[in-house]
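This report refers to the structure that appears directly beneath it.
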Amino acid sequence: QKEVEQDPGPLSVPEGAIVSLNCTYSNSAFQYFMWYRQYSRKGPELLMYTYSSGNKEDGRFTAQVDKSSKYISLFIRDSQPSDSATYLCAMTDSNYQLIWGAGTKLIIKP
Amino acid sequence: EAGVTQFPSHSVIEKGQTVTLRCDPISGHDNLYWYRRVMGKEIKFLLHFVKESKQDESGMPNNRFLAERTGGTYSTLKVQPAELEDSGVYFCASSQVGGAIWELFFGEGSRLTVL
C-alpha cells in the first residue's frame with residue numbers, strides 16, 4: 008500500500024469552476040503537508056504548506072488538512088486555464104523527508 | 003537570480019551505457035537533494051548533500067548510482083551501467099541550511115530514457 012494516495016486524473020473542469028484536489032495518507036506521523044504545482048517539463052513549485060488540521064487560504068487557493076481522517080485537500084476558486092498543471096501533494100515523515108503523491112493532472116477548459 | 007539548473011534536459015542511452023546528470027544549485031544553497039520520478043509513479047527521494055557531505059543517501063536504489071558534490075557547489079549523479087528501470091525524470095532541488103523542507107527550489111529535471 009502506498010503511503011500517499013492521489014488520484015492521477017486527469018480532472019477536466021470548465022474555466023471558473025471550483026476545483027477540489029485530494030490526497031489520503033496512511034502514516035499518522037506525517038507532520039507537514041504541502042501542495043506543489045508542476046507545469047509540463049518543469050520542476051515542482053510550492054503552492055502552499057500547512058501543519059495543523061484546518062484551513063489555510065492564499066488568494067484563490069485553500070489548503071485543508073484533516074489529520075483525524077488522514078485526508079488533505081486543495082481547493083482552487085475561479086479556476087483559470089493557467090491553472091492547468093499537475094498538482095502534487097507531499098508530506099514530511101519523522102525524518103523530515105518528503106513523501107509524495109503521484110500527482111493529479113488538472114485541465115481547465117476555456 | 004538564477005534558479006536550480008540541470009543538464010542535460012533529456013538523455014537517451016542504451017542499456018549498459020553510462021550517463022552523468024549535473025545539477026547547479028542556487029548560489030549559497032548548501033542543501034542539495036536528488037529525487038527521481040519514474041513514469042506514472044510518485045517522486046522518490048534519492049539523497050541529500052549538505053555542502054560536499056552526503057547527509058542521507060538512503061534513497062539510492064543500488065550501487066550503480068553514484069552522486070558527488072565536490073567542493074560543495076554543483077553535483078553530479080552518475081548511473082553506470084544504466085538499466086531499463088532507471089528511466090524517469092531526475093530532479094535536483096536546493097535550499098539554504100536551516101531552511102524548512104518546503105523551502106526547496108526544484109530544477110526542471112533531467113529526463114533519462116534507457117532503451
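Chains as they are written, first to last, in our numbering: chain A, 8 to 117; chain B, 3 to 117.
Cβ coordinates follow ideal geometry from the N, Cα and C atoms, glycine included.
Keep in mind it's a predicted model, so treat the numbers as computed, not measured.
With 16 as the cutoff for other CB atoms within 10 Å, does S97/B come out buried or exposed?
For the purposes of this step, residue 97/B is identified with residue 95 of the second sequence, where counting begins at 1. Result: buried.
DSSP has D26/B in a bridge; who is on the other side?
Working through the second sequence from its first residue, we reach residue 26/B at position 24. In DSSP, D26/B forms a bridge with T7/B.
Nearest by alpha-carbon distance to P83/B: which of H12/B, T72/B, Q57/B and V116/B is it?
Taking the second sequence and counting its residues from 1, the one referred to as residue 83/B is at position 81. Among H12/B, T72/B, Q57/B and V116/B, the Cα nearest to that of P83/B is on V116/B.
Name the chain B residues whose beta carbon is nearer than 8 Å to that of R44/A?
As a position in the first sequence, residue 44/A is number 37, starting the count at 1. Chain B residues near R44/A: none, gap ~11 Å exceeds 8 Å.
Could you pull out every residue in the same chain whose Cβ sits closer than 6 Å to the Cβ of G110/A, ignoring the five residues on either side in sequence?
Numbered from 1 along the first sequence, position 103 holds the residue referred to as residue 110/A. Cβ within range, chain order: T93 and L95.
Given F16/A as reference, the closest of Q8/A, C30/A and K49/A once Cα atoms are compared
Here residue 16/A refers to the residue found at position 9 of the first sequence. In the sequence as displayed, the identity of residue 16/A is Gly instead of Phe. The candidate whose alpha carbon is nearest that of G16/A is C30/A.
Please confirm whether L81/A and A97/A have their CB atoms less than 8 Å apart.
Stepping through the first sequence from its first residue, residue 81/A is reached at position 74. Stepping through the first sequence from its first residue, residue 97/A is reached at position 90. No.
Return the CA-CA distance between Y76/B and Y78/A, expressed in angstroms with no decimal places.
In the second sequence, counting from the first residue as 1, residue 76/B sits at position 74. In the first sequence, counting from the first residue as 1, residue 78/A sits at position 71. Going from the Cα of Y76/B to the Cα of Y78/A covers about 38 Å.
K74/A versus W107/A: straight-line alpha-carbon distance, rounded
Position 67 of the first sequence holds residue 74/A. Position 100 of the first sequence holds residue 107/A. Approximately 17 Å, taken between the alpha carbons.
Pull up the DSSP beta-bridge partners for W104/B, would you.
Residue 104/B sits at position 102 when you count from the first residue of the second sequence. BP columns for W104/B are empty, so no partner.
Give a yes or no on whether 8 Å exceeds the smallest Cβ distance from Y78/A to chain B.
Within the first sequence, residue 78/A is the residue found at index 71, counting from 1. It does not: the Cβ of Y78/A has no partner Cβ on chain B nearer than 8 Å.
Could you tell me the alpha carbon to alpha carbon distance between S47/A and D90/A, rounded to whole angstroms?
Indexing the first sequence from 1 puts residue 47/A at position 40. Indexing the first sequence from 1 puts residue 90/A at position 83. So the alpha carbons of these two residues sit roughly 12 Å apart.
Along the segment 101-113 of chain A, what residues have a CB closer than 7 Å to any CB found in chain B?
Y103, Q104, L105, W107, G108 and A109
Leaving out five residues on either side along the sequence, give the residues of the same chain with a beta carbon under 8 Å from the beta carbon of E22/A.
Indexing the first sequence from 1 puts residue 22/A at position 15. Excluding positions up to five away in sequence, the list reads S86, Q87, P88, I115, K116 and P117.
Euclidean distance between Cα positions of L106/B and A95/B:
The residue you call residue 106/B lines up with position 104 of the second sequence. The residue you call residue 95/B lines up with position 93 of the second sequence. Their Cα atoms are separated by approximately 6 Å.
Over the uninterrupted beta strand (DSSP E) stretch that includes P21/A, give me the two end residues.
As a first step, residue 21/A must be located in the first sequence, where it is residue number 14. Element bounds for P21/A: L18 to P21.
Please identify the residue among Y32/A, G50/A and I83/A whose C-alpha is closest to the C-alpha of Q8/A.
Along the first sequence, one-based indexing puts residue 8/A at 1. Comparing Cα-Cα distances from Q8/A to each of Y32/A, G50/A and I83/A, the minimum goes to Y32/A.
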